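Q: For the record, the sequence lines run as chains A, B and C.
29 is the number of the first residue of the first sequence in my numbering; add one for each residue after it.
123 is the number of the first residue of the second sequence in my numbering; add one for each residue after it.
7 is the number of the first residue of the third sequence in my numbering; add one for each residue after it.
Note that CB positions come from ideal geometry on N, CA and C, so glycine has one too.
Since the structure is predicted, the reported quantities are computational estimates derived from the model, not experimental observations.
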Amino acid sequence: MRDDSLHEPQFALHVEDLTVSYGADPALWDIDLDIPPGVMAAIVGPNGSGKSTLLKTALGLVRPVAGHVRFLGRPVEQMRGKIGYVPQRHSVDWDFPTTARDVVEMGLYRKIGWFRRPGAADLARAIDALRELGMQDYADRQISQLSGGQQQRVFIARALVQDAPILILDEPMAGVDAATEAVIIDLLHRLRAQGRTIIVVHHDLTTVQSYFDWLVMMNVRIIAQGPVAQTYTPDNLRATYGRQLAMIAQPGAVE
Amino acid sequence: MSALLASSIVQTVLVGAALLGAISGMLGAFAVLRQQSLLGDALSHAALPGVCLGFLVAGGRDLGSILAGAFFTGALAALVMQVIVRRTTLKTDAALGIVLSVFFAVGVVALTHIQGQGGAASAGLMTFLFGQAAAILRSDLWIMGAGGLAALALVLAFWKEFKLVSFDANFARAQGLPVAWIEGALTVMVAFAIVIGLQLVGVVLMVALLIAPAAAARQWTNALGPMVVLSAALGAVSGALGALISASARGLATGPVVVLIATAFVLISMLAAPRRGLVWQGLAARAMRARISEGRVLTALQGLAQAHGDTAYKAERGMLNTALGAAPHAMRIDALERRGLIQQVTHPPETTPHWELTQAGHEEARALSGNAADKDRNLS
Amino acid sequence: MIDAYFASIPAMILTTGILVGASGALLGSFLVLRGNSMLTDAISHSIVLGIILVWLLTGHLTGPFQILGAAVTGLVTVALSEALARSGLVKMDAAIGLIFPALFATGVILISLNARNVHIDVDTVLLGEIGFVWLHTLTLGGLRVPVAVATLGAVFAVNLAFVLAFWKELKLTTFDAGLAAALGLFPGVLHYAVLTLTSVTAVAAFDAVGAVLFIAFVIVPPATAYLLTRRLWLMVVMAVAFSVLSCVTGYILAVQWNVSIGGMMAAMTGLWFALALLLAPGRGLMSQALRRSSERLDHDCRTLVAHLYTHQNSPDMPEENTRRALTDHLRWPESRARAAILRALDRDLIERRDGLLALRPKGQAVAEGIFARHDRPLMGLD
């Protein structure tokens, strides 16, 4: 099979036999994963289970030992403009001298192309994206003067402005206030209603059922995947989290 | 002074020093933001063997070959650092320290080797340790000017890519930008700034000319563009002033003088810059504390008034002390009176001063306690 | 005999170098492991200011109080850098890069201004004059001993005593400062104790090797030892040994080539580091390269076993557990797939069964081992 031909185009994300290792320690073992288009999928698993590594490998930021990844049937290199990515908030220095609007415009840099500056139309799109997250009044605020939740909203606006059919978010709800979480979830649900695919690394098991319709459970390898209703079972939770489970969620809430 | 400025040598030194300062200020801003400040220290120390190499190859103090040599060993040092960080478990700071000290040691060996061979020109090499502005020649200005323009053109052409990679390299990579190339270009440009700054500041203190203007500029602005411009301007002023002072005072190497001027800019910026400056922060914190303690006096008066069912209840100092658990500062009472929120009254037959809330004071106190009540509700 | 030793210039130069190297390496081991290597850079530069200030105040360059006084600037540099970083106005790396050049520049200017009186040359600030240490002597128990040797001997004794006395604590705070704090060991105090001794050592070594070369003696031999061993005591011993080796070889070469002795000694620390980096058994670049090919085959083999394990007894087994799946799904070239299968067959990990690749009991055990590794930390929680 050649790389430029479509491979499994019926899936928004198709991961096949993916193995990633940092040094001698494997981070992902033989991952097989399919996420259909138009769902809002959560990827859950304990700390160190390779959730972020999976996203980074899918996006081509980490080189796998074996296996391959396709978005809508194509390798990631051909899909660069069509995937919105929201990294973990703590991965950057928020004291960087720039404004919220400027950060959102960064999502357009690829589209703007080399040697050209963002124009009025780009600015308008950035403001629109901020408005979607209720952040239009903070457009010219220096990013260090934003609260954690507001910073997260700016990050999401940066991915939103790309108008991408697939959105990938790494722990967007980590350490944000309740109001921000509600705004984010509301936005993601609207995006799903437009037919986009949302893939979220998620850490809060108690909200999986209410927020998501697709679930991937993993711990270095895939434990279970499918619609939340069939996948979110006590057995799968136990298999994913082991005895750690008692500390994370009430088993009663599952049954 | 004007006679000094009229001298063509001094003019050369002044222009050269300002150019060097501007270039390192501009490129240093990116190094500081990428949290690679100390990489500049390692690379500048690593330039010393290159300076000697250039001297040996050219057989004399030829700026072109000396700069080329410095650039070569600087790049080699960056490469060795990469290998150490990627291929061993040694931390980045250890890699910096190893490269810095070992390359410098090799440079010292080469330097003493050249001196051992004698020759008048070899003495000039020692000026690369601490810099000597007076050694800048008119012909050197062309090299610096051309290099500076090239760096400026690169920064303008790739402005948004440099910004994005400095802020969030992972996102840039996910966008498909050639991040390794962009980061490489930034590192090479810093190495270039170091190399042409060596004449002025010397290998030992060059790091300060990269960091200090950028650190000072950062305090005054919250946008990258103005920060880079201001950093270049502060670098230019530091360089020019330092060169002028060291040229007019005998036996004073330029590097230390430039560094002290640049550091003075940092100090002033950190103290006086609006919003970020320590003075500003201190005043803001004090104003905040004052507001809080004034608010407590108001709500205490309000509480007493409510407890006695008398809106014009007059409290004396002792009662306030009891209500607040401590004596309110006289300045706070004065401030409240000035703001028209309380007024001092007498309460015959007693002769001690008493205070009561004014109309405005009642409203302010209601607003304060209302807020507090709201907060309590939200918390529960 | 002893007289002859202390009267011998080469012996005194070597002894000085070895004492600098050994004192530095003792402390450097902990600085390198804690990720504080660049604080050495900051300290060794800024003590120049301390030395000239003490000279301006007391008129002397040597003596225990002078050394301690000058060492204070090293600590001040660290404390100021940490305070500046805590203020949030700049990051720690920029803070270090702002403070020490400023203090160093002040020191250099003060030296220039007093050049006529103080016996420090601005250039020797960086390089030291180890070749002339035998010029200044003092009388100790009837022996004429170079001041540098006496001072550095005392410093070495203090450093050694410190490391031996606080070995347990140093070990724990180096690897787990949080746990050390929980056990009431004050990792902060110990951290500053190491930095204080580093400052003192830098001041004592200043005449011999200057501000910059000192960094090589503190950081490079411990880093070299770190490439060769993971046992702390062995690392410290080897670091000291590499220092001594660098001094001896550096001295010989410097005399041979008529170049700076201190510079050559420091450069030699780099040579041993480069050799360790290339040749260290297991961790060196050479054995990494040699291992990479065989390791990749091993790794492919393990990937193959894990792949078969994941899909065995699943509905897609007939499609997945085949040689074709390795090329089509794992995206391995034909040759890589063949090599992995052959090695797995060789090692009795897999067999061909009904046209499929299947795990042998040994392969089953290997696969279970791979996945069990990830369950272990979770078990450890309760």
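Output, in sequence order along the chain, the residues in the segment 280–298 of chain B whose CB is closer than 7 Å to any CB in chain C.
A: Per Cβ criterion, the list is empty.
Q: Under the DSSP definition of a beta bridge, which residues are partnered with His96(A)?
A: Answer is Glu44(A).
Q: For a quick check, are the C-beta atoms of Ala255(B) and Ala144(B) less than 7 Å apart?
A: No, the Cβ-Cβ distance between Ala255(B) and Ala144(B) is not below 7 Å.
Q: Within the 7 Å Cβ cut-off, does Pro107(C) reach chain B?
A: Pro107(C) counts as touching chain B.
Q: Can you give me the C-alpha to C-alpha distance between Val230(B) and Met270(C), rounded to a whole angstrom?
A: Approximately 8 Å, taken between the alpha carbons.
Q: Checking 7 Å against the spacing of the C-beta atoms, do Thr79(C) and Ser52(C) come in under that value?
A: Yes, Cβ-Cβ distance for Thr79(C) and Ser52(C) is below 7 Å.
Q: So, Ala362(B) versus Leu155(B), is the Cβ gap smaller than 7 Å?
A: Cβ atoms of Ala362(B) and Leu155(B): not closer than 7 Å.
Q: Measuring only between beta-carbons, confirm whether Ala312(C) sits less than 7 Å from chain A.
A: Yes, its Cβ sits closer than 7 Å to a Cβ of chain A.
Q: Name the chain B residues that come within less than 8 Å of Glu105(A), Cβ to Cβ?
A: Result: Gly298.
Q: Go ahead and pull the three-state DSSP assignment for Arg298(C).
A: It is helical.
Q: If you measure from the beta carbon of Ala345(B) to each beta carbon in chain A, is any gap under 7 Å?
A: It does; some Cβ of chain A falls within 7 Å.
Q: Would you mind reading off the limits of the beta strand (DSSP E) that contains Ala70(A)?
A: Unbroken beta strand (DSSP E) run through Ala70(A): 68–72.
Q: Find the residues of chain B that neighbour Gln370(C), judging by a C-beta separation of less than 7 Å, and give them in chain order.
A: Near Gln370(C) there are no residues of chain B at all, since even the closest Cβ is about 33 Å away, more than 7 Å.
Q: Using only alpha-carbon positions, find the residue among Gly176(A), Arg169(A), Val132(A) that is nearest to Asp156(A).
A: Nearest of Gly176(A), Arg169(A), Val132(A) to Asp156(A), Cα basis: Val132(A).
Q: Arg249(A): buried (16+ other C-beta within 10 angstroms of its C-beta) or exposed?
A: It is buried - the Cβ of Arg249(A) has at least 16 other Cβ atoms within 10 Å.
Q: Helix, strand or coil: how does DSSP classify Glu325(C) here?
A: Looking at Glu325(C) - three-state DSSP - the assignment turns out to be helix.
Q: Can you give the Cα-Cα distance for Ser205(C) and His66(C), rounded to whole angstroms?
A: Near 18 Å, if we compare the C-alpha coordinates of His66(C) and Ser205(C).
Q: Specify the secondary structure class of Asp60(A) as computed by DSSP and reduced to three states.
A: Strand at Asp60(A).
Q: Rounded to a whole number of angstroms, what is the C-alpha to C-alpha distance between Gly181(B) and Phe314(B)?
A: Cα to Cα, the separation comes out at about 23 Å.
Q: Are at least three pairs of beta-carbons, each pair with one atom in the segment 365–379 of chain B and one in the segment 76–95 of chain C, less than 8 Å apart?
A: The segment 365–379 of chain B vs the segment 76–95 of chain C: no contact.
Q: Distance, Cα to Cα, Gly78(A) vs Ala55(A)?
A: Rounded to the nearest angstrom, the two C-alpha atoms are 6 Å apart.
Q: For the candidate residues Val228(A), Arg218(A), Asp205(A), Leu41(A), whose alpha-carbon lies nearest to that of Val104(A)?
A: Per the Cα distances, Leu41(A).
Q: Closest Cβ-Cβ distance between Glu374(C) and chain A: below 7 Å?
A: No - not a single Cβ of chain A is within 7 Å of the one on Glu374(C).
Q: How many Å lie between Ala296(B) and Ile111(A) at the Cα?
A: Near 9 Å, if we compare the C-alpha coordinates of Ile111(A) and Ala296(B).
Q: Would Glu36(A) pass as an interface residue toward chain C - the criterion being a Cβ-Cβ separation below 7 Å?
A: So, not an interface residue.
Q: Mark Gln178(A) as exposed unless 16 or more other C-beta atoms lie within 10 angstroms of its C-beta, in which case mark it buried.
A: Under this definition Gln178(A) is a buried residue.
Q: Quick check: what's the CA-CA separation for Ala185(A) versus Arg220(A)?
A: Taking the straight line joining both Cα atoms gives about 16 Å.
Q: Spatial neighbours of Ala187(A) within its chain, please: CB distance less than 7 Å, with the 5 preceding and 5 following residues excluded, ordered by chain position.
A: Closer than 7 Å at Cβ, skipping near neighbours: Gly112, Tyr113, Val114, Gly135, Leu195.
Q: Helix, strand or coil for Ala55(A) per DSSP?
A: Strand at Ala55(A).
Q: If you measure beta-carbon to beta-carbon, which residues of the segment 240–269 of chain A are closer than 7 Å to chain C?
A: For the segment 240–269 of chain A, which is checked against every Cβ of chain C, the residues closer than 7 Å are Asn247, Val248, Arg249.
Q: Would Val317(B) be called buried (16 or more neighbouring beta carbons within 10 Å of its own) or exposed?
A: Buried.
Q: Give a yes or no on whether the minimum CB-CB distance between Thr385(B) and chain C is below 7 Å.
A: So, interface residue.
Q: Apply the 10 Å Cβ neighbour rule to Lys174(C) and answer buried if 16 or more other Cβ atoms are within range, or exposed otherwise.
A: Result: exposed.
Q: Please name the residue in Val54(C), Ala373(C), Arg342(C), Val224(C) whose C-alpha comes closest to that of Ile2(C).
A: For residue 2(C) there is no data in the structure shown, the boundaries of chain C being 7 and 388.
Q: May I have the straight-line CA-CA distance separating Arg138(A) from Asp130(A), to the nearest angstrom?
A: Each residue's Cα considered, the two are about 14 Å apart.
Q: So, with DSSP's three-state summary, where would you put Ser187(B)?
A: DSSP places Ser187(B) in helix when its eight states are reduced to three.
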